[in-house]
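Each residue of the sequence shown is one higher than the one before, counting from 3 in the numbering used here. Following: one structure in structure tokens, then a few remarks.
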Amino acid sequence: MERLNADNVGKALTVGQVAERTGLAVSAIHFYEAKGLIQSRRSSGNQRRYTRDVLRRLAVIKIAQRTGIPLAEIAEALATLPEERTPNAKDWGRLSAQWREDLDKRIERLTLLRDQLSGCIGCGCLSLSACPLRNPMDELAEEGSGARLVDPD
């Protein structure tokens, strides 16, 4: 980690300031840093300091998480952004376009699930020949008897 100096100390935020500005817990900020999603520098007193671009990066992280994007994919996307520059509208447009197709697929699956939910008796058997949610067209019967966990993807 790069140390702060007289040229950049005025721009730096403490972890408490970042938490206050973003509404995130300090532990969440540390977690995102440990996962490589954001970076800090160390002051001469070995305290974490964040550049202001981290505020927008954290906003992008939270929005992406809210849509169900896994942290690993968020990290990959953030790695394409320049260091210490606030992500701008063009950056967001590129990132959101990457996630849009996946989000559309999830919406389609959830809509199908919602529309078929009334036919589900919720027994968890997973071997019902009529279950359109977890065992469409009794596909699991081909794998033998007993419960089978299937991901519809």
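Here a beta-carbon is modelled for each residue, glycine too, at the ideal position from N, C-alpha and C.
Check, Outcome
"Selection from T88, N48, Y34 and T82 that minimises the alpha carbon distance to K64", "Y34"
"Straight-line Cα distance separating L57 from V152", "Confidence at V152 is low in this model, with a pLDDT of 45, below 50, so its placement is unreliable and the value that follows should be read with caution. Those two C-alpha atoms are separated by around 39 Å."
"Close Cβ partners of R59 (< 6 Å) along its chain, the five nearest in sequence each way excluded", "I40"
"Three-state secondary structure assigned by DSSP to L112", "helix"
"For L15, the residue or residues it bridges with in DSSP", "Y52"
"Rounded separation between D105 and T69 - CA only", "The residue asked about is misnamed: residue 105 is Leu in this sequence, not Asp. Roughly 7 Å separates the two Cα atoms."
"Those residues which DSSP pairs with R43 across a bridge", "R51"
"Local Cβ density within 10 Å of R50, reported as buried at 16 or more and exposed below that", "buried"
"Inter-residue spacing [alpha-carbon to alpha-carbon] between L26 and A61", "10 Å"
"The alpha helix (DSSP H) enclosing L80, as first and last residue numbers", "L73 to L80"
"Cα-Cα separation between L73 and A14, rounded to whole angstroms", "25 Å"
"Spatial neighbours of D93 in its chain, beta-carbon cut-off 7 Å, leaving aside the 5 residues before and after", "L83"
"Integer-rounded CB distance, given that D55 should sit under 8 Å from T24", "With a Cβ gap of about 13 Å, T24 and D55 do not count as contacting."
"Length of the line joining the Cα atoms of G38 and L114", "36 Å"
"Assigned exposure category for S46 - 16 Cβ within 10 Å defines buried", "exposed"
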